[in-house]
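In terms of the working numbering, the sequence shown opens at residue -11 and continues consecutively.
To start, the structure itself, in structure tokens.
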Amino acid sequence: MKKISMFEPGNLEFINRTALTLKPKQPFYDWLKNIEPDEDFSESLQDCDVYLLPEYEDLKQMESWLKKHFDKLFIEQLNNWYMDETLWPQNRTLKMFKEWFEYTLSTMVWDTETKPIEKE
């Protein structure tokens, strides 16, 4: 029997979530360099984080979610580097979040794997 590739049309499963992809921009890098001037963070900051959000039908709903939760995401990103809150920028705003992070919102999330998703 021929093994079916999961990338053949109709073989992917839709996940009932939307996705936020987050990547640090120059101000985030500058913040890190201010704390540790001799460290090279450039390679580490090439990776993106993906957050699964509730299932939304359009980007407007997702933007509304982001307006309510941007600071939690901001804190998560800062905390991933330094747990000392005194090092974090204060008075974080949505405008600042958008200056510090490049992000994309995706309403279509597909699972390319056959094994179940595991949470840790």
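Here a beta-carbon is modelled for each residue, glycine too, at the ideal position from N, C-alpha and C.
Bear in mind the structure is a predicted one, so any value in this text is a computation, not a measurement.
Scanning its chain for C-beta atoms nearer than 7 Å, with the 5 sequence neighbours on each side dropped, one finds around Thr92 the residues Thr9, in chain order. When secondary structure is reduced to three states using DSSP, Tyr70 falls in the coil class, being assigned neither helix nor strand. Beta-carbon to beta-carbon, Glu87 and Pro15 are separated by about 6 Å, close enough to satisfy the 8 Å threshold. According to DSSP, Lys11 shares a beta bridge with Glu90. Non-local C-beta neighbours of Asn22 in its own chain, meaning closer than 7 Å and more than five positions away in sequence, are absent. Take the alpha-carbon of Phe85 and the one of Leu47: they are about 18 Å apart.
For Leu41, the enclosing beta strand (DSSP E) begins and ends at 37 to 41. DSSP places Trp76 in the coil class of the three-state scheme, outside both helix and strand. Around the beta carbon of Met71, fewer than 16 other beta carbons sit within 10 angstroms, so the residue counts as exposed.
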